[in-house]
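Okay, structure first, notes after.
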Amino acid sequence: MARLMEVTFLGTGSANPTPNKAASSIVLRYGDDLWMFDCGEGTQTQVMKSSLKAGKITKIFITHLHGDHLYGLSGLLCTISQSNQRTEPVSIYGPLGLAKFIRVSLGLSRSELCFRFKVIELQPTDDMLKIDDARLCNISSTDTPVLHPCEDEGRIVHHTMVEGVPVWTLLDTGPLKVRAGKLDHRIPSFAFIMQEDMLPATLSVEKLREFGFEPGPICAKLRAGESIKTPTGVSVTLSDVLGCTHPGRKVVICGDSCESSAIASIAKDADIYIHEATLQNSLRETAVERGHSTPQMAAQFALQACARFLYLTHFSQRYTESSRKKKEFTVKDLQKEAQQVFGPNCAVAQDMLTFTVKPPK
Ligand SMILES: [Zn+2]
Ligand SMILES: [Zn+2]
Numbered sequence: 162m163a164r165l166m167e168v169t170f171l172g173t174g175s176a177n178p179t180p181n182k183a184a185s186s187i188v189l190r191y192g193d194d195l196w197m198f199d200c201g202e203g204t205q206t207q208v209m210k211s212s213l214k215a216g217k218i219t220k221i222f223i224t225h226l227h228g229d230h231l232y233g234l235s236g237l238l239c240t241i242s243q244s245n246q247r248t249e250p251v252s253i254y255g256p257l258g259l260a261k262f263i264r265v266s267l268g269l270s271r272s273e274l275c276f277r278f279k280v281i282e283l284q285p286t287d288d289m290l291k292i293d294d295a296r297l298c299n300i301s302s303t304d305t306p307v308l309h310p311c312e313d314e315g316r317i318v319h320h321t322m323v324e325g326v327p328v329w330t331l332l333d334t335g336p337l338k339v340r341a342g343k344l345d346h347r348i349p350s351f352a353f354i355m356q357e358d359m360l361p362a363t364l365s366v367e368k369l370r371e372f373g374f375e376p377g378p379i380c381a382k383l384r385a386g387e388s389i390k391t392p393t394g395v396s397v398t399l400s401d402v403l404g405c406t407h408p409g410r411k412v413v414i415c416g417d418s419c420e421s422s423a424i425a426s427i428a429k430d431a432d433i434y435i436h437e438a439t440l441q442n443s444l445r446e447t448a449v450e451r452g453h454s455t456p457q458m459a460a461q462f463a464l465q466a467c468a469r470f471l472y473l474t475h476f477s478q479r480y481t482e483s484s485r486k487k488k489e490f491t492v493k494d495l496q497k498e499a500q501q502v503f504g505p506n507c508a509v510a511q512d513m514l515t516f517t518v519k520p521p522k
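Residue 162 is where the sequence shown starts when you use my numbering, and the numbers rise one by one after that.
Have a look at this one:
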C-alpha cells in the first residue's frame, strides 16, 4: 500500500501576512511524517488552526532567507518543543546563512528546545549571489560556527552538475528522496524536488479473474501468503496476481523565482508542481524586477517540466478571493491567466487548502 501523501498550504500570501492571507508555508504529509516548506511569520498560528500537529514535524525546508518565508521559524521550533515532550530530532534545510539565523534568534531569546536539531545548508552557486549580498549579509562557508546547545553539527551541501544544471542532493536514503535546484530571485532561492521510490505492485483484479477468482476474502488470503487452488487444481500465490510496479510520486515546491528553467530536467514529470505567481500578467515587468513571476510565467515553467498539475501560490496581498468592485482583479483571475497557458490542470492555492497526491493507477 502506498503511504498517504498530502499537501497543505498554510500560507499563500507574499510579503507581510494579513488577516486574508498568511505568509508562505506548505506542509507535505508523508505517512506519519510532516515536512514543512518555508515558515513565514505567524506559521505556528496557522498550524494550530489546521489539523496538523506541530510535534509531528521532522524536517523543515526553507527555500530562501526572505522574511516572509523565514520569520516564523524560531517561534515554530519553540512550539514543536512544547508538544508532548517530543524528543525526536528535527533536520532543517536551507540556504547558507540559515544556521546563523537560527543560532542568533534562539540564542538571544534564551530559547532551549527539548529536542536536538541540525541545519543542512545549501551553498549557492556564484551566479545566484547578487551585488547586494555582501553589503547586507556577511556569511561565509568558512565561518567557524558556535553551535546552539541543542544543535548537532550539520553540513554544507555543494551542488553537482546533472544534465548541465546544478543539483543539490539533500536526502538520498528513505522512500522519499529530496534534491534541490536553483531559481532566480533577488537572493539565492531554491526549489525542492521530492521523488518517491517505485511503488510496489498491487493485486490485479484482471489477473485474479484470469484464474477464475473474484475479488473478495480471497485477496486477504493471498496477501497473507496463502496459496489458493483453482477449480482445475492450479496453485495460485500472490506473486501470480500482482500488477506492474509504478513510478513513485513526485512533488516540486519552488521558492520565489522569476526564472525557473534550470529545474526543468530535475522537476520533469512532476505530479504536483507548486510555483509562485505574485502578480498578474499585465504587471510582468514589475514582477520580474522584484524577482517574481506572473501566472503565465509559472505556467510556462510548469510546461517546460511536463508537470501534471500546477498549483499557484505566493499572491500579492492586493488580490482578494472575490471582487468587491467590478474591475478588481482576484486570485481566481490569476488562475484563469495560468489556465490560458497550462490548460485546466492548474489551480490557485488558498490558506488551509489540503489535497491528496494520489499514487498512479
Ligand atoms: Zn516571498
Ligand atoms: Zn523572496
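Backbone N, C-alpha and C fix where the C-beta goes; we use that ideal spot for every residue, glycine too.
Could you round the C-beta distance between residue i and residue j to whole angstroms and report it? I think they count as a contact, below 8 Å.
i       : j       : result
Phe-462 : Ser-422 : 7 Å
Gly-394 : Ala-362 : Their Cβ separation, rounded to whole angstroms, is 26 Å, which puts Gly-394 and Ala-362 out of contact at 8 Å.
Ile-427 : Arg-340 : 6 Å
Leu-473 : Ala-510 : 7 Å
Phe-476 : Thr-224 : Their Cβ separation, rounded to whole angstroms, is 16 Å, which puts Phe-476 and Thr-224 out of contact at 8 Å.
Gly-216 : Ser-175 : Their Cβ separation, rounded to whole angstroms, is 29 Å, which puts Gly-216 and Ser-175 out of contact at 8 Å.
Lys-279 : Pro-306 : Not quite, the Cβ-Cβ distance comes to about 11 Å (not below 8 Å), so this is no contact.
Ala-438 : Ser-454 : 6 Å
Val-326 : Ser-365 : No, Val-326 and Ser-365 are not in contact; Cβ-Cβ is about 38 Å, not under 8 Å.
Of the residues the options, which one's Cα is nearest the Cα of residue i?
i       : options                            : result
Glu-512 : Val-502, Glu-482, Asp-288          : Going by the sequence as given, residue 512 is Asp instead of Glu. The shortest C-alpha separation from Asp-512 is found at Glu-482.
Met-359 : Ile-348, Val-318, Asp-313, Lys-411 : Lys-411
Gln-179 : Gly-201, Trp-196, Leu-195          : Checking the sequence, you will find Thr at residue 179 rather than Gln. The candidate whose alpha carbon is nearest that of Thr-179 is Gly-201.
Thr-515 : Asn-181, Met-162, Ser-186, Ala-176 : Ser-186
Ala-184 : Lys-217, Ala-163, Trp-196, Leu-234 : Leu-234
Leu-308 : Lys-261, Leu-440, Asp-287          : Lys-261
Gln-478 : Leu-257, Leu-440, Gln-356          : Leu-440
Leu-383 : Val-397, Pro-306, Phe-503          : Val-397
Pro-336 : Asn-181, Ala-499, Asp-193          : Asp-193
Ser-270 : Cys-239, Arg-247, Glu-249, Ser-388 : Cys-239
Asn-442 : Asp-430, Tyr-434, Gly-452, Gln-457 : Gln-457
Leu-297 : Thr-330, Ile-348, Leu-344          : Ile-348
Leu-283 : Arg-277, Ala-466, Ile-253          : Ile-253
Phe-170 : Arg-190, Thr-286, Gly-409, Lys-488 : Arg-190
Asn-177 : Asp-229, Phe-503, Lys-486          : Asp-229
Leu-290 : Lys-368, Ser-365, Glu-314, Ser-350 : Ser-350
Asp-287 : Lys-210, Ala-460, Asp-345          : Asp-345
Gly-504 : Arg-485, Leu-464, Lys-488          : Leu-464
Leu-231 : Gly-416, Lys-487, His-436, Ile-435 : Gly-416
Can you tell me which of the three DSSP states residue i falls into?
i       : result
Val-188 : strand
Val-339 : strand
Thr-321 : strand
Glu-387 : coil
Ala-457 : Here the sequence assigns Gln to residue 457, which means Ala is not the residue at that position. DSSP places Gln-457 in helix when its eight states are reduced to three.
Thr-219 : strand
Gly-174 : strand
Gln-356 : strand
Cys-275 : coil
Tyr-394 : Tyr is not the amino acid found at residue 394; the sequence shown has Gly there. Coil, per DSSP.
Cys-380 : helix
Val-518 : coil
Gly-504 : coil
Lys-487 : coil
Val-307 : coil
Thr-330 : strand
Cys-415 : strand
Gly-315 : strand
Phe-462 : helix
Ser-252 : strand
Thr-206 : helix
Thr-169 : strand
Asp-345 : strand
Glu-420 : strand
Glu-498 : helix
His-475 : coil
In chain order, what residues of the same chain have a beta carbon less than 6 Å from the beta carbon of residue i, not counting five sequence neighbours either side?
i       : result
Ser-242 : Leu-274, Cys-275
Cys-507 : Leu-471, Ala-499, Gln-500
Pro-521 : His-407
Ile-433 : Val-412, Phe-470, Val-518
Gly-373 : Thr-391
Phe-198 : Ile-187, Phe-222, Ile-414
Asp-430 : Cys-467
Leu-237 : Cys-200, Thr-204, Gln-205
Leu-267 : Ser-235, His-309
Using a Cβ-Cβ cut-off of 8 Å (strictly less than) and excluding sequence neighbours within five positions of residue i, which residues of its own chain qualify?
i       : result
Thr-406 : Met-359, Leu-360, Pro-361, Ala-362
Pro-310 : Glu-273
Val-328 : His-320, Thr-321, Met-322, Arg-340, Ala-341, Gly-342, Ile-427
Who are the near neighbours of residue i in its chain, counting only those whose CB is closer than 7 Å to its CB and skipping five residues on each side?
i       : result
Tyr-480 : Phe-490, Thr-491, Val-492, Leu-495
Lys-338 : Leu-332, Gln-356
Glu-324 : Ser-426
Ile-300 : Leu-257, Gly-258, Lys-261
Ile-218 : Leu-195, Met-197, Ile-241, Val-251
Thr-447 : Leu-440
Residue i: beta carbon under 6 Å from a heavy atom of ligand 3?
i       : result
Ser-175 : Looking for ligand 3 in the displayed structure turns up nothing; the ligands present are ligand 1 and ligand 2.
Quiz item: Which residues have a Cβ closer than 5 Å to any heavy atom of ligand 2, listed in chain order?
Solution: One residue after another in chain order, those with a Cβ under 5 Å from a heavy atom of ligand 2 are His-227, Asp-417.
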